[in-house]
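A.B. asks:
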Amino acid sequence: MPSDKEEPELSPEPAPEPEPAPEKKKRNVARMTDKQKADLKKHMDKMTNMTTTEKKSHRMKLMARMRKDPKMTATKAHNQLMKSSKKKE
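Heads up: the sequence shown is residues 2 to 90, going by the numbering used here.
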């Protein structure tokens with residue numbers, strides 16, 4: 002027995018498209034040259050009076066400075082770092 006009231010067929014609505022993820026900004030940082038890497042290794046080998054954590058922190062600070070300027074040496078970066086740390090005291 003057919004019913005007098007027919008239910009209209011509901012067309013399934015398409016799911017809303019997800020918003021595209023925002024593009025990650027890439028940092029424009031140069032890689033260290035082989036010479037810079039060698040200089041940094043020599044410099045860190047000389048640092049015997051630091052704890053392991055201090056060495057790691059010092060190394061990361063030097064690497065950050067050296068990446069910003071491809072001509073920067075480990076000695077120059079170290080001197081800049083020491084100057085800036087004395088100003089804070």
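The beta carbon of each residue, even a glycine, is placed where N, CA and C say it ideally should be.
#1: Under a three-way DSSP split, which group does Met73 fall into?
#2: So the candidates are Leu41, Asp35, Met73 and Lys36; which of them puts its Cα closest to the Cα of Met61?
#3: What distance in whole Å lies between the Cβ atoms of Lys56 and Met48, which are believed to be in contact at a cut-off of 8 Å?
#4: Residue range of the alpha helix (DSSP H) that Met45 falls in?
#5: Given this structure, state the Cα-to-Cα distance separating Lys87 from Pro21, to the nearest angstrom.
C.D. replies: Checking against the coordinates, here is how it stands:
#1: DSSP places Met73 in coil when its eight states are reduced to three.
#2: Out of Leu41, Asp35, Met73 and Lys36, Leu41 has the C-alpha closest to the C-alpha of Met61.
#3: With 8 Å as the limit, Met48 and Lys56 qualify as a contact, their Cβ atoms being about 6 Å apart.
#4: First-last of the alpha helix (DSSP H) with Met45: Asp35 to Lys47.
#5: Cα-Cα distance, rounded: 47 Å.
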